[in-house]
Each structure stands twice: as C-alpha cells, then as structure tokens.
Amino acid sequence: MIASDTGRCPLPIPMGWFQVLFSSDLEAGDAIPLHYFGKELVAFRTESGAAQVVDAYCPHMGAHLGYGIRDNAGKGPRVVGESLECPFHGWQWNGQGQCTHIPYAKNNPPRVAKGESILGAWEVREVNQQILVWYHPNKEAPTWEPESIEEALIRNTEWTDFDRHEWEIHAHMQEIGENGVDGAHFHFVHGTSELPETEIQSFDGYKRHAKFVTRQPTPRGVVDGAIETRSYGTGLSVVRFSGIYDTILLANITPVEREISHAMYAFIQPKATADTLGKTVGQAIIANICQQMEEDQIIWQRKQYFERPLLCDGDGPFAKFRRWYDQFLVEAQ
Ligand code: FES
Ligand SMILES: [Fe+2]
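If you read the sequence shown in the working numbering, its first letter stands for residue 3, the second for the next number, and so on.
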C-alpha cells in the first residue's frame with residue numbers, strides 16, 4: 003500500500019481526458035515534471051509549439067527527463083527542436099517516444115534505428131487554454147474527443163482572462179464528483195438558504211448534463227438564476243452560472259494518486275463589465291465558489307466511501323451518478 007492510499011475509498015483511478023497544465027504554463031522550449039495518475043511524467047512544448055507529454059524515465063539508463071543540468075539546473079531540461087534532451091547523457095526524445103538523437107553513438111541501437119516508440123508517450127490535446135492527456139490504465143486509445151467552448155478560446159476578447167484557483171484534495175475523484183448531485187449538502191455545508199431545484203439531470207455516454215434553477219436573494223429582490231454543468235468524463239466540466247452575473251467556470255479535476263485529486267478551476271466573466279459589476283458582484287461569486295471548495299474539503303478529506311449508503315427520498319440521484327461514473331472505473335489488467 004502506498005502512503006496516499008488511506009483505504010477510505012476502494013475505487014481505481016478513472017480513465018478519460020484530464021487536464022495536466024494550463025496552456026500558458028508551458029511556453030515553447032519549456033519542459034516541466036508532472037505527477038499524475040500515480041506516475042512521473044514530463045510535459046514539454048516543442049519549438050514548433052506542440053505540447054507533448056511523455057513518461058519521465060529515460061529508457062537509456064533511467065534518468066528523470068524532467069530536471070535540467072548545468073545551465074538548466076533548477077529548471078526543466080533542454081528542449082531541442084521537437085525533442086527533449088535527457089540531462090544524463092544527452093539522448094533526445096520526441097513526443098511520440100522515439101529517440102531522435104544519440105550524440106555519441108556510432109551505431110544506434112536497433113529499436114532507435116527503426117524509429118520505434120520506446121519512451122511512453124501520451125495522447126495530448128489542447129482545448130480551452132488547457133493541456134489535456136488521455137489516461138487509461140490499460141493504455142487503450144481515446145474513445146472520445148474533448149470539446150472546446152467559444153468563450154474560452156484564447157482569441158475571444160469578450161471574456162476575461164482566466165482567474166485560476168487550484169486545490170490538492172485528499173479524496174478519490176468520485177467523492178468530489180458526487181457533490182454535483184448532492185442537493186441536500188448545500189444547506190448544511192455551504193449555508194445556502196434554499197435547495198436548488200433540478201431542471202435537467204441527464205447522463206448520456208461519457209457526458210453528463212445538469213441544470214439547477216436558483217432564486218438568489220439580492221438587495222433589489224430575488225433574482226432567478228441557473229447553474230448549468232456539462233461534464234465530459236470525470237475530469238472535465240464546464241459550469242455556467244447565470245442570473246446575477248454571468249460566470250463560466252472550467253472545473254477540472256485530475257487524479258494525482260488514487261486518493262489524491264488536483265482541482266484546477268478557471269473562471270471567466272464578461273469583459274465589458276469587468277471593471278464595474280465584475281469588481282463587486284463578479285468577484286463575490288468567484289469568492290463564494292472558492293469558499294465552497296474549502297468547506298467541501300473538510301468533508302471530502304475525511305469521509306469514508308460506502309458502496310451502499312443509507313439514502314432517503316430527498317437525496318439526489320446518487321445511484322444514477324454512480325452507474326454513469328462506473329464506466330470510467332476500469333481495473334488495470
Ligand atoms: S539516461 Fe537518459 S541519456 Fe542516459
Ligand atoms: Fe459542495
């Protein structure tokens with residue numbers, strides 16, 4: 003048992019697309035060590051601008067490819083053209099896991115000469131200013147493609163830049179996901195006066211769509227609003243808040259270990275009112291959601307996962323949610 007396995011939840015790491023970085027964290031020529039899915043990885047951006055993610059250990063003699071040496075000490079390793087240079091003996095590896103150069107070999111090893119993919123290489127997509135990878139415990143190919151939204155395109159000038167918030171949460175991903183169908187906790191954990199009313203709660207393949215209608219008290223009376231969530235697998239969600247002030251939250255969660263999850267939240271709001279209403283109401287909405295994350299963690303980090311919880315008729319559709327989630331919980335073979 004590894005240290006992070008507290009035994010509070012027996013479920014495996016889910017498969018699917020997961021965010022590992024924000025695009026702006028990785029400029030051309032950058033390389034960064036990562037730890038997700040219980041593995042050591044390295045992300046790098048080639049000189050032509052492609053984001054790549056590979057396994058961390060160099061197939062030559064096992065050096066970690068994520069840490070530079072000499073001029074690059076304390077930073078990432080060198081990126082040379084489309085490849086990453088190993089700090090130990092200078093072998094170069096591209097994003098497909100091929101060895102592209104051995105600086106001192108007269109004859110390349112056969113697997114190198116054949117252009118075999120030797121180093122583990124990950125499927126990478128860049129959407130919504132995020133770098134995503136496909137994780138499957140048995141290395142099966144992607145079965146769907148992540149979607150981008152218009153509002154989060156880098157060239158979209160109508161929406162603000164990302165307001166980012168991140169948390170490392172000591173809980174299995176599913177415990178965090180269940181929050182989305184748990185209407186009853188809002189009052190007790192977050193102090194909201196009314197339970198949100200469910201208008202849509204649908205599960206379709208790898209997608210989930212939920213819409214809650216809300217009635218928010220304001221100094222100028224009650225404002226009708228909505229919280230609409232679209233999830234793509236277990237790791238990627240887009241949440242749209244409307245009513246008092248339009249807010250879009252890209253709410254992504256990535257497994258670090260089985261029972262450690264990294265939440266990466268990015269908020270965007272309309273640019274036209276960013277300096278007026280955005281400064282007051284807009285900021286208050288973001289602060290409130292972040293506070294809810296802090297509150298939820300007090301529960302998540304200590305709770306035990308029950309396969310058969312004792313539910314009542316007022317509880318949300320946990321069984322449906324778990325059936326949907328189950329498709330992503332593939333046991334490693
Ligand atoms: S261990 Fe990477 S080049 Fe030798
Ligand atoms: Fe919550």
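Note that the Cβ used here is the ideal one computed from N, Cα and C, for glycine as well.
Beta-carbon contacts of F39 that lie in its chain and below 7 Å, excluding the five residues immediately before and after: Numbered from its first residue, the sequence shown carries residue 39 at position 37. Here the set comprises I15, Y137 and P257.
In the DSSP assignment, what residue or residues form a beta bridge with S239? For this step, residue 239 is matched to residue 237 along the sequence shown. Paired residue(s): S233 and A253.
Tell me which residues pass a beta-carbon proximity test against ligand 1: closer than 5 Å to any heavy atom, given in chain order. C60, H62, M63, A65, C88, F90, H91 and W93
Any non-hydrogen atom of ligand 2 closer than 6 Å to D73 Cβ: The count along the sequence shown starts at 1 and reaches residue 73 at position 71. Not under cutoff, so the answer is no.
Less than 6 Å separating the Cβ of N290 from some heavy atom of ligand 2? As a first step, residue 290 must be located in the sequence shown, where it is residue number 288. Every heavy atom of ligand 2 is 6 Å or more from the Cβ of N290, so no.
Cβ-Cβ distance between V183 and G51 below 7 Å: Reading the sequence shown from its first residue, position 181 is the one you call residue 183. Reading the sequence shown from its first residue, position 49 is the one you call residue 51. Going by C-beta atoms, V183 is not nearer than 7 Å to G51.
Could you give the C-beta distance for Q271 and T159, rounded to a whole number, given that I count them as a contact under 8 Å? Here the question's residue 271 lines up with position 269 in the sequence shown. Here the question's residue 159 lines up with position 157 in the sequence shown. No, Q271 and T159 are not in contact; Cβ-Cβ is about 13 Å, not under 8 Å.
Consult DSSP for Y327 and reduce its assignment to one of helix, strand or coil. Here residue 327 refers to the residue found at position 325 when the sequence shown is read from its first residue. Helix at Y327.
Q294: beta carbon under 6 Å from a heavy atom of ligand 2? Taking the first residue of the sequence shown as 1, we reach residue 294 at position 292. Q294: yes, Cβ under 6 Å from ligand 2.
Throw me the rounded Cβ distance for the E49 and A30 pair, which I believe falls under 8 Å. Translated into the one-based positions of the sequence shown, residue 49 becomes position 47. Translated into the one-based positions of the sequence shown, residue 30 becomes position 28. Correct: roughly 6 Å between the Cβ atoms.
Just curious, the beta strand (DSSP E) that I262 is in, first and last residue? Sequence index remark: in the sequence shown, residue 262 carries index 260 (1-based). Where I262 is concerned, the enclosing beta strand (DSSP E) stretches over I262 to I270.
By the three-class DSSP mapping on this structure, what secondary structure does A334 have? In the sequence shown, residue 334 corresponds to position 332, counting from 1. It is coil, neither helix nor strand.
Give me the Cβ distance between E42 and A58, rounded to the nearest whole Å; I'm assuming they're in contact under 8 Å. Taking the sequence shown and counting its residues from 1, one reaches residue 42 at position 40. Taking the sequence shown and counting its residues from 1, one reaches residue 58 at position 56. Sure, about 4 Å apart at Cβ, within 8 Å.
Less than 6 Å separating the Cβ of D32 from some heavy atom of ligand 2? Counting from one through the sequence shown, the residue named residue 32 turns up at place 30. No, ligand 2 has no heavy atom inside 6 Å of this Cβ.
Judging by CA-CA distance, which residue of K209, T275, W124 and A334 is the nearest neighbour of W326? As a working mapping, residue 326 is identified with position 324 in the sequence shown. The option with the nearest alpha carbon to W326 is K209.
Identify whether W95 lies in helix, strand or coil by the three-state DSSP scheme. Counting from one through the sequence shown, the residue named residue 95 turns up at place 93. Reduced to three states, the DSSP call for W95 is strand.
Run the proximity test for D298: is its beta-carbon closer than 6 Å to any non-hydrogen atom belonging to ligand 2? The count along the sequence shown starts at 1 and reaches residue 298 at position 296. Yes.
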